[in-house]
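320 is the number of the first residue of the sequence shown in our numbering; add one for each residue after it. Note that CB positions come from ideal geometry on N, CA and C, so glycine has one too. Bear in mind the structure is a predicted one, so any value in this text is a computation, not a measurement. Inspection log for the structure reproduced underneath, given as structure tokens.
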Amino acid sequence: MSTLGEKLNTLLENYLKIPNIRACAIVDNDGLMMASSITQEEEELTIAACGGALATAAERIKDELSGGHHLGAIVSSEQGEFIFTRAGDQAVLISLAKPGSDTDKILPWTYIVAEKIQQLIDLENLDLSLELPKMQDPQKFNFKLVVLGDEAVGKTSLIRRFIEKSFKQDYKSTIGVSILNKTYDLSDSVSVTLNIWDLAGQAMFRNIRKTYLEGTQSAVLVYDVSRPTSFENISHWLDELQEPMRAQSRFIVMLIGNKIDLDRMISLEEAKNFSKALKIPYLETSAKTGDNVDKAFGALCYHLIKDSVK
320 MSTLGEKLNT
330 LLENYLKIPN
340 IRACAIVDND
350 GLMMASSITQ
360 EEEELTIAAC
370 GGALATAAER
380 IKDELSGGHH
390 LGAIVSSEQG
400 EFIFTRAGDQ
410 AVLISLAKPG
420 SDTDKILPWT
430 YIVAEKIQQL
440 IDLENLDLSL
450 ELPKMQDPQK
460 FNFKLVVLGD
470 EAVGKTSLIR
480 RFIEKSFKQD
490 YKSTIGVSIL
500 NKTYDLSDSV
510 SVTLNIWDLA
520 GQAMFRNIRK
530 TYLEGTQSAV
540 LVYDVSRPTS
550 FENISHWLDE
560 LQEPMRAQSR
570 FIVMLIGNKI
580 DLDRMISLEE
590 AKNFSKALKI
600 PYLETSAKTG
610 DNVDKAFGAL
620 CYHLIKDSVK
């Protein structure tokens, strides 16, 4: 039977078949290399450069991605686009894409590989298939998504940024509900259509929200990193989700800390620990600048379909 190290290397070799991936590595929380792989098509000098870049990146792991369910960071360099992705509690996946690559097209594969790494290392599931889904035949998915959070945390602005790629400075609270649709392409053949329900955050709408929550399959909980009370109230929003969560065999929840363009009052570490305790993914965004907005909704789409893609 293959060892854990052999299985990790096989998984990385399969990952390298994805277009535009030059090199990849798995490192532990101390930055020590557990497995690595570089595409055979790279020239000898380039291989040395990629290997050195991976080693340098590994040294940054403790500072860049410590703990929690943080979904990753992207850093541009001369060698290409580095994608750091948390792969469970004990490892981080480092991906090096070719310079100028569209990382949004790579991230769905990155999440799939990170999920398999977690299964292998954290859950010791050595019988896990190391093959990646083909995602070649056209596959379309549809989900109802609700966006919840206190008033003025930026829910509507996040949705507008995701759908329209725009931001409006003037604030107008949502009255009851606003419903929009957005199709997100995870790959050339896999698309996810989100029926997005932007629910008003005021207490007066609590009873009405119960009706709007019926039939939902996923939720994004949003708080403002500059307003501690909005973070504290996430637990109350989770309470509102209990009934729809029980009604679904599988329900995906994501936590988003918005307004990172402002002075934060909630530390990244505190938010990560909170999301880890809840066992839900966490990402920080700025609806104003657009930072991480597409990545957040893309990650949500991946989590919704990861057990269904072929």
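query: Boundaries of the alpha helix (DSSP H) in which N333 is found, first to last residue; result: L323 to Y334
query: Neighbourhood of R480 by C-beta, 7 Å cutoff - its chain only, sequence neighbours within 5 removed; result: F486, A606, G609 and V612
query: Three-way DSSP call (helix, strand, coil) for L364 in this model; result: Unreliable positioning characterises L364 in this predicted model, as indicated by a pLDDT of 47, which lies under 50. A coordinate reading is not provided.
query: Residue range of the beta strand (DSSP E) that includes L351; result: From DSSP, L351 is part of no beta strand (DSSP E); its letter is neither H nor E.
query: Unbroken stretches of the alpha helix (DSSP H), 4 residues or longer, contained in the region 461-547; result: 474-483 and 525-531
query: Whole-angstrom C-beta distance between S497 and D517, which should lie under 8 Å; result: 4 Å
query: Same chain, Cβ closer than 6 Å to M564, five either side skipped, listed in chain order; result: F570
query: Burial state of A566 (16 or more Cβ within 10 Å); result: exposed
query: Spatially closest choice to E332 from W556, L449, G350 and N552, by CA coordinates; result: L449
query: Bounding residues of the alpha helix (DSSP H) (the contiguous stretch that carries L290); result: The structure shown does not extend to residue 290, since the chain is modelled only from 320 to 629, so the question has no answer here.
query: The region 394-413 touching the region 431-442, judged by at least three CB pairs closer than 8 Å; result: yes
query: Nearest-angstrom beta carbon gap, I515 and L464 [assumed within contact, 8 Å]; result: 5 Å
query: Three-way DSSP call (helix, strand, coil) for T422 in this model; result: helix
query: Residue burial classification, S549 (beta-carbon count within 10 angstroms, cutoff 16); result: buried
query: First through last residue of the beta strand (DSSP E) which encompasses L447; result: No beta strand (DSSP E) holds L447; DSSP gives it neither H nor E.
query: Residue(s) in a DSSP beta bridge with C343; result: S356 and S414
query: Run of the alpha helix (DSSP H) containing A590, from where it starts to where it stops; result: L587 to L597
query: CA nearest to the CA of S644, picked from K417, V411 and D504; result: Since the first residue shown for the chain is 320 and the last is 629, residue 644 is missing from the structure and cannot be characterised.
query: Reduced DSSP category for L581 - H, G, I as helix; E, B as strand; rest coil; result: coil
query: Which residues DSSP lists as bridging E603, in chain order; result: G576
query: Sheet register partners of R405 (DSSP bridge); result: V411
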